[in-house]
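Down below is the structure, laid out as structure tokens.
Residue numbers (this note's numbering), protein chains in the order written: chain A, 4 to 346; chain B, 138 to 499.
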């Protein structure tokens, strides 16, 4: 009887680990993130060890993190939600108005309202996309205009100032539990919930199936319409939550609240390894991508680069990561074909 | 022995088209938009105060020139099934280039403009190369280059602006054609319209553009150079965006990194409103031109009615959503009809597949 023998890998352990890290997108992006933080801290130790350094490092990405989580769920289904920035602005303003009309409102309830309101805006997107059978790009481009227009028309020349909102709510924006900011905890809890759902739950796996091949998913009997709708509601709800967080974090809601955030959200997801044509990627990757984007933006001035160059760096990161994806995919395909021809 | 003779089949005449020419021309998406444009224009002329003054036409041309310019190549890009979100960033980049080259380097406006257009073309080559030859999705690529080119523009100038341009050139950008009510920018627009109508509707290149949008694999097998076509289109789009950037700079006398922010959405909205399918393979330029004009007329009429830019943006958004939903709503009708077949015992799946093939056949 011939025993099936497995020989140990001929590659050196170092190369195997490096290869594994390169293949795991999440680890690769996390390594880059750590390097950025280290390089910036070496240059100026206030970046990590200053009075607010540690707090800001965790706090600033929390809003983009929420958006990236929702955006990932949508992109996995081979759609895209460009309206999230406008939903953030609209919800942030709604939060301010609620406190102006009703100063004694419990903070917890305001978060729920923001979540529900964002979810309702996401539902509109989802209904238009999944029943209209129109590409999400166009629909959410339209609702990007519409939601922001509604926000600015409603706000007029008014803006919400810090004095309009109760101290308890504003303190939440900077408060820490065990040195970890509350907003970051909220964002990470959402990340964990959605990440667990996408990884294990039937509904989550169906999102991947739909994104890999919508027609096949339909023929297989998956409820494509309902799942896509749910993904959009999730994205809207996350954006709504991010809107409330924006109001708490910055204290004022001016007309540019949430402006252009949609591109950063898509960018964070793409950098984190979420394929723009659906079917692959994780929220963990998107979350690390969001951290990386925000941290690089904050690190640039410390490293002596004027902060006007932030957008440029974002662009380089997005292009770099999709080109890297493509190269890695091509290499893997070639290896698989070679292996087949040898066998 | 007799030989069996087979009679030649009777000549049968097939009509070239199922419908008479007027139905094919008039009952189209493009003519619906043109009709809407005429209706809105007439309504505004009679109902909106000051709309029928010569200044309205002048500013209509002046304010929508860049959208019109970029919409022409953008229509071709969308017909191939791709999209270019980076156009407004190229506008900003070229505006900054003109400002810096003219004021800091001391070049004359034509030379600075030529270099800006070249830089724009290079930006387009990068887009086209990544999409066509590397094979990346254009949505992801141009979201990236949108940030990249805008970042370059903002990075080069920061929050400052270059405002010192010779009056000769800034006046030229605002000049009228002779004594008419049309601004001078209409001339390059008309030239480009003629070029693009020829390119898309009367040249082999244009047939290739449609074929790529319908099925790029089939296009490749029928001899269309898919990669080169896409590269040319992305390059053209960016070069014309750069030209629009020079125009905006001279018209406003202001070179800033954030010039034309958000204009890519307006351009795409106008193109889709004009009946170009976002799935590719379908659309005609007269519809696109009507789409740009419709948005322009609505904007100027609403502005004259003292509506804020926010309300105008809501209207544009609703129009965009409605225009793409219109196709879906029309596709619904046969599905509603086919639901009768379901009652006759056909499964739901069958009818669904039947309607979906019908929509892809167009």
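Don't be surprised by glycine CBs; every beta carbon is placed ideally from N, CA and C.
Please classify residue i: is it buried, with 16 or more other beta-carbons within 10 angstroms of its beta-carbon, or exposed?
| i | result |
| --- | --- |
| residue 146(A) | buried |
| residue 377(B) | buried |
| residue 431(B) | buried |
| residue 303(A) | buried |
| residue 309(A) | exposed |
| residue 205(A) | exposed |
| residue 221(B) | buried |
| residue 194(A) | buried |
| residue 152(B) | exposed |
| residue 217(B) | buried |
| residue 267(A) | buried |
| residue 28(A) | buried |
| residue 271(B) | exposed |
| residue 330(A) | exposed |
| residue 103(A) | exposed |
According to DSSP, is residue i helix, strand or coil?
| i | result |
| --- | --- |
| residue 320(B) | strand |
| residue 314(A) | helix |
| residue 136(A) | coil |
| residue 155(B) | coil |
| residue 40(A) | helix |
| residue 325(A) | helix |
| residue 184(A) | strand |
| residue 309(A) | coil |
| residue 429(B) | helix |
| residue 235(B) | helix |
| residue 413(B) | coil |
| residue 212(B) | helix |
| residue 150(B) | coil |
| residue 392(B) | strand |
Can you give the beta carbon distance from residue i to residue j, rounded, assuming they're within the 8 Å contact cut?
| i | j | result |
| --- | --- | --- |
| residue 347(A) | residue 260(A) | What the structure shows of chain A is the stretch from 4 to 346, and residue 347(A) is not part of that stretch, so it cannot be assessed. |
| residue 230(B) | residue 381(B) | About 11 Å separates the two Cβ atoms, so there is no contact after all. |
| residue 281(A) | residue 80(A) | 6 Å |
| residue 201(B) | residue 152(A) | Their Cβ separation, rounded to whole angstroms, is 19 Å, which puts residue 201(B) and residue 152(A) out of contact at 8 Å. |
| residue 258(B) | residue 286(B) | That pair is no contact at about 13 Å. |
| residue 99(A) | residue 262(A) | So it is not a contact: roughly 16 Å between Cβ atoms. |
| residue 288(B) | residue 316(A) | 7 Å |
| residue 210(A) | residue 293(A) | Not quite, the Cβ-Cβ distance comes to about 19 Å (not below 8 Å), so this is no contact. |
| residue 243(A) | residue 118(A) | 5 Å |
| residue 418(B) | residue 351(B) | 4 Å |
| residue 318(A) | residue 239(A) | About 27 Å separates the two Cβ atoms, so there is no contact after all. |
| residue 190(A) | residue 320(A) | At roughly 21 Å, the Cβ-Cβ gap does not stay under 8 Å, so residue 190(A) and residue 320(A) are not in contact. |
| residue 386(B) | residue 198(B) | Incorrect: roughly 18 Å between the Cβ atoms, too far for contact. |
Please confirm whether residue i has its beta-carbon closer than 8 Å to some beta-carbon of chain B.
| i | result |
| --- | --- |
| residue 80(A) | no |
| residue 266(A) | yes |
| residue 315(A) | yes |
| residue 294(A) | no |
| residue 62(A) | no |
| residue 329(A) | yes |
| residue 304(A) | no |
| residue 142(A) | yes |
| residue 138(A) | yes |
| residue 177(A) | no |
| residue 301(A) | no |
Report the rounded CA-to-CA distance for residue i versus residue j, giving the unit in angstroms.
| i | j | result |
| --- | --- | --- |
| residue 337(A) | residue 218(A) | 27 Å |
| residue 435(A) | residue 238(B) | One cannot answer for residue 435(A) here, as it falls past the ends of chain A, which runs 4 to 346. |
| residue 46(A) | residue 241(A) | 35 Å |
| residue 335(A) | residue 58(A) | 40 Å |
| residue 157(B) | residue 273(B) | 43 Å |
| residue 214(B) | residue 275(B) | 10 Å |
| residue 211(B) | residue 168(B) | 20 Å |
| residue 128(A) | residue 235(A) | 7 Å |
| residue 415(B) | residue 409(B) | 7 Å |
| residue 277(A) | residue 288(A) | 7 Å |
Taking 8 Å as the CB-CB cut-off, is residue i touching chain A?
| i | result |
| --- | --- |
| residue 273(B) | yes |
| residue 397(B) | no |
| residue 227(B) | no |
| residue 440(B) | no |
| residue 173(B) | no |
| residue 478(B) | Confidence is the limiting factor: at residue 478(B) the pLDDT is only 48, short of 50, which leaves the residue's position unreliable, though a coordinate-based value still follows. No, residue 478(B) does not count as interfacial toward chain A. |
| residue 451(B) | yes |
| residue 285(B) | yes |
| residue 462(B) | yes |
Consider the C-beta atom of residue i and the heavy atoms of the ligand GDP; say whether any pair is separated by less than 7 Å.
| i | result |
| --- | --- |
| residue 57(A) | The ligand GDP is not part of this structure, which contains no ligands at all. |
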